[in-house]
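Here is the structure we will look at.
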């Protein structure tokens with residue numbers, strides 16, 4: 002079941018992954034989606050209101066559409082990917098802190 006559903010969550014080929022790698026792919030995808038769709042949007046909404054939230058989501062969506070390295074998007078996809086990295090930085094850091102605070106072993110999570 003996991004091999005069938007993993008492609009809906011991330012862009013990895015599940016046939017090439019073992020159980021541990023599939024679990025890692027799920028955790029990484031959920032963390033990235035939490036950062037992008039929830040925490041990052043809230044950060045930019047709080048910092049710049051609705052225009053900031055909408056701009057953040059637009060940059061994130063543009064990165065998802067053309068930010069990958071392919072012959073078709075090579076000339077301009079890098080710009081959307083770098084801009085997404087920049088605007089996503091605060092939300093990603095807050096997501097990591099929230100995950101560490103929510104876990105059972107806070108000291109070890111923060112050190113990692």
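In the working numbering, the protein residues as written are 2 to 113.
We put the CB at the ideal spot given by N, CA and C, even for glycine.
- The segment 53-61 makes no contact with the segment 70-77, as fewer than three CB pairs between them are under 8 Å.
- Taking one beta carbon from each stretch, the segment 37-56 and the segment 83-97 have 3 or more pairs nearer than 8 Å; the two touch.
- Around the beta carbon of residue 82, 16 or more other beta carbons sit within 10 angstroms, so the residue counts as buried.
- For residue 13 against residue 3, the beta-carbon gap comes to about 12 Å, at or over 8 Å, which does not count as contact.
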